[in-house]
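A short worksheet on the structure shown next.
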Amino acid sequence: MAFLLVVLMSCKEQPSNTNDKSTSEPLVEANDIEKVEPPHWWTGFKNHDLQLLVKHPNIGAASPKISHSGITLVKANKADSPNYLFLDLEISENVKPGKFNIVFKQEDGSELTQTYELKERENSPEDYIGFNSSDAIYLITPDRFVNGITANDTPLSIEGKSNMLERTIDRTDDYARHGGDIVGITNHIDYIHDLGFTAIWPQPLLTNDMKQGSYHGYAVTDLYEIDPRFGTLQEYKDLSAKLKEKGMKLIMDQVANHCGLYHWWMKDLPFKDWINLQKNYEENIENWGNAYTINSNHRRTTNQDIYASEADRKGNNEGWFVAAMPDLNQRNPFMAKYIIQNSIWWIETAQLGGIRQDTYPYPDKEFMSDWAGAIMNEYPNFSIVGEEWSYNPLLIGYWQEGANNKDGYDSNLRSTMDFAMQQKVVEALNEKESWDKGLVKIYEGLANDFHYPSPKDILVFPDNHDMSRIFTQLEGDIENTKMALATYAMMPRIVQMYYGTEILMNDFEKPGDHGLIRTDFPGGWQGDAVNAFTGKGLTEAQKDMQSFITKLFNYRKDSKAIHDGKTVHFAPFSGTYFMYRTLGDETVVLILNKNEDVISIDLNYQEEIGLKGKTLKNVITDETIKWGDVMDLKSKGVTILTTKL
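As structure tokens, then:
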């Protein structure tokens, strides 16, 4: 599918001028048009098509003209609204970077001129290396991590007043803005790096100009703008650059399914089918709310269900996520092009190391295949992970590229999220051991890997911003929490951890409450009594967990056996579970032990691994042992051993 610059298009074709002659006159720059998106583009893409969305009063009646060598105006498409045009451009392979003018001749003979720029790409497509099984990702809710600049807490307009709908911060309100920002993250890259993480995934940083609850970022109101309360575009680019200096990657959280109710186009939608259920919205716009919106039925299985009714399919794919988040209609070709180009624009602008796509099963699934395919066509080493919140491995596997789907669906999606394994590990540690409960949940959960085209490209996690903290899920049991974290980190997966897990952040007070789950990171605000960055005020248990995470993930960072090794595990017995990861001369051993008292394990049963007589080092304690016939496990907890001394 083509990459496009959106000059909002219409279903009717307007006569276009395809004059492709160079002008010898110097370029006189102008900025007469209200909005052109994407705001600029680049040369050197495989796909030479670009679609511009142009928004300006009565621009639909104008005749656009481009006179620049190597750029052809193929079509000028009118929209249903007279205030949009969508321009289809063809950019020749040999066109040089630079600026050119688009001239819009109006019906009265006057002209509007907009200067547009094609930039030279900074890197080759192969240099965009996405996340993979060697990566450990640190997930951050930016508003709740660090307030690096207090001046942007309430950004000011030219008149000296805030031009945002949510104008204040209030740290006593779990659902208000607290002031965390991009600079706060950038200033603490060393902390994240030293913990052993190789990538960060901040929740959306684009403008969320909503009346309330704008802190979480998922109701975007401008897809080409960094929210000024989080910072500037340059600060976002600086974050990416500084991560690269540390050998780390920036993953962008994107939302193709919906936007925020106060997105700028909601006041003047370009087409009658720009959003789903648009007629319902427009008829009730004055009294909009839950009484008038048709919410998604959230029946995500309709994407795969061979018996699903068309009504149920539409209920999932076309219903609004919530009343405040209009559902985008990706079946409209102009919307589809807009979303694809927007993703590519951000990859190129911020030099991204990956995309996390929100609510993956909710948009039109054929579009999502086109979207991912267009990105991977341009960036063959890139990575995208889609959020499929399902505990059914069959549904998770359906979305991964290479899946042998009965309906022939090819997602072009390299990674999906392993909610199933997340749940199995928690169940395994919380349940009392029996034939079909306890550690066997991990054993049988991993047995489902036969279904996945590439298990190691799936992303697993202990928790995230939408569920209770792992320490809460494991009922405040520190040893169980360590066992869980080690298991997620050791299995053949990409692993992600939520900020604050390293200091046992929890939501015991109100389990499952999103505002509490996404609480402030201690030390992120001036005057905090506790500072997790320095250790000030942390309990011994918190310091111990921080140390455990640091040793675990720093070892994982350099372990080829964990990244790409063969996995062998043994059925749980006597409250223990053994898993091995081996590559070349490196073997890493994960041992989970739920016994409170000393237990002796006969290792001869596992002789096929070939460790007998070898010396291994404990990754956490640095102690060494010699692998013999018997191993005594002295207390409940996790043991991680390696043959790398």
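Residue numbers for the sequence shown follow the numbering used here, beginning at 1236 and rising by one. For every residue, glycine included, the Cβ atom is placed at its ideal position computed from N, Cα and C.
Exercise. Does the segment 1500–1512 touch the segment 1309–1327, meaning 3 or more C-beta pairs lie closer than 8 Å?
Worked result: Proximity of the segment 1309–1327 to the segment 1500–1512 meets the contact definition, three or more beta-carbon pairs being nearer than 8 Å.
Exercise. Using the C-alpha atoms, what's the distance from Arg1816 back to Ala1796?
Worked result: 6 Å
Problem set entry | DSSP state of Val1330 mapped onto helix, strand, coil | Here Val1330 sits in coil by DSSP.
Problem set entry | 3 or more residues per run - each beta strand (DSSP E) lying fully within the segment 1564–1614 | Listed in chain order, the complete beta strand (DSSP E) runs (minimum 3 residues) inside the segment 1564–1614 are 1589–1592.
For this session: Specify the secondary structure class of Ile1520 as computed by DSSP and reduced to three states.
Result: helix
Problem set entry | Local conformation of Glu1325 per DSSP, three classes | strand
Exercise. Alpha helix (DSSP H) containing Tyr1497: first to last residue?
Worked result: Boundaries cannot be given for Tyr1497, as no alpha helix (DSSP H) includes it and DSSP labels it neither H nor E.
Exercise. Is it buried or exposed for Ala1546, if we count other Cβ within 10 angstroms and need 16 for buried?
Worked result: Exposed, since its Cβ has fewer than 16 Cβ neighbours within 10 Å.
Exercise. Given a threshold of 16 other Cβ atoms within 10 Å of its Cβ, counted over all protein chains shown, does Lys1717 qualify as buried or as exposed?
Worked result: buried
Exercise. With distances taken from CA atoms, which of Asp1409, Asp1692, Leu1478 is nearest Gly1747?
Worked result: Checked all of Asp1409, Asp1692, Leu1478; the closest Cα to Gly1747 is Asp1409.
Problem set entry | Short Cβ contact (8 Å threshold) for Ile1375 with Pro1332 | no
Exercise. Which residue from Val1695, Gly1495, Ile1575, Gly1750 puts its Cα closest to that of Met1726?
Worked result: Val1695
Exercise. Under a three-way DSSP split, which group does Glu1357 fall into?
Worked result: If DSSP states are grouped into helix, strand and coil, Glu1357 belongs with coil.
Problem set entry | Gly1758 - DSSP class collapsed to helix/strand/coil | coil
Problem set entry | Buried versus exposed call for Phe1465 [16 or more other C-beta atoms within 10 Å across all chains shown] | buried
For this session: With a floor of 3 residues, list each beta strand (DSSP E) that falls wholly inside the segment 1711–1781, ordered by position along the chain.
Result: 1729–1733
Exercise. Can you tell me whether Phe1743 is buried or exposed, with buried defined as 16 or more other CB within 10 angstroms of its CB?
Worked result: exposed
For this session: Would you list the residues sitting across from Met1560 in a DSSP beta bridge?
Result: Val1557
Exercise. Tell me which same chain residues have a C-beta within less than 6 Å of the C-beta of Pro1614, skipping the five on either side of it?
Worked result: Looking at the sequence itself, residue 1614 is Tyr, so the reference to Pro does not match. Hits under 6 Å: Pro1360, Tyr1363.
For this session: Go to Asp1473, then tell me how far its alpha helix (DSSP H) extends in each direction, as first and last residue.
Result: 1468–1480
Exercise. Between Met1487 and Ile1590, which are expected to be in contact by the criterion C-beta below 8 Å, what is the C-beta distance as a whole number of angstroms?
Worked result: Indeed, because the Cβ distance is near 5 Å, the residues count as touching under 8 Å.
Problem set entry | Unbroken stretches of the alpha helix (DSSP H), 4 residues or longer, contained in the segment 1626–1686 | 1628–1633, 1654–1665, 1675–1682
Problem set entry | Supposed close pair Ser1646, Gln1635 - CB separation, criterion 8 Å | 7 Å
Problem set entry | Residue range of the unbroken alpha helix (DSSP H) whose run includes Asn1551 | Where Asn1551 is concerned, the enclosing alpha helix (DSSP H) stretches over 1545–1552.
Exercise. How about Gly1680 and Met1702: do their beta carbons lie closer than 8 Å?
Worked result: Cβ distance not < 8 Å, so Gly1680 and Met1702 don't count as in contact.
For this session: Starting from the Cα of Gln1349, find the closest Cα among Arg1356, Leu1324, Lys1300 and give me that residue.
Result: Lys1300
Exercise. Quick check: the segment 1619–1629 against the segment 1586–1604, are there 3 or more CB pairs under 8 Å?
Worked result: yes
Exercise. For Gly1415, which of Asn1358, Lys1691, Ala1609, Gly1383 has the nearest alpha-carbon?
Worked result: Gly1383
For this session: Count the other CB atoms, across all protein chains shown, that sit within 10 Å of the CB of Lys1256; report buried if there are 16 or more and exposed otherwise.
Result: Unreliable placement is indicated for Lys1256, whose pLDDT of 43 sits below 50; the coordinate value is still reported in the next sentence. Exposed, since its Cβ has fewer than 16 Cβ neighbours within 10 Å.
For this session: Use the C-beta contact count for Pro1292: other C-beta atoms within 10 angstroms, 16 or more gives buried, fewer gives exposed.
Result: exposed
Exercise. Are there three or more Cβ pairs, one per stretch, closer than 8 Å when the segment 1454–1465 is compared with the segment 1489–1501?
Worked result: yes
For this session: Give the DSSP-derived three-state secondary structure of Gln1513 in the structure shown.
Result: helix
Problem set entry | DSSP-derived helix/strand/coil call for Asp1444 | Looking at Asp1444 - three-state DSSP - the assignment turns out to be coil, as it is neither helix nor strand.
Problem set entry | Burial state of Ala1638 (16 or more Cβ within 10 Å) | With 16 or more other Cβ atoms within 10 Å, it is buried.
Exercise. Can you name the start and end residues of the alpha helix (DSSP H) that Lys1502 belongs to?
Worked result: Looking at the DSSP string, Lys1502 is not in any alpha helix (DSSP H), and its letter there is neither H nor E.
Problem set entry | Secondary structure, beta strand (DSSP E): runs of 3+ residues fully inside the segment 1399–1453 | 1434–1437
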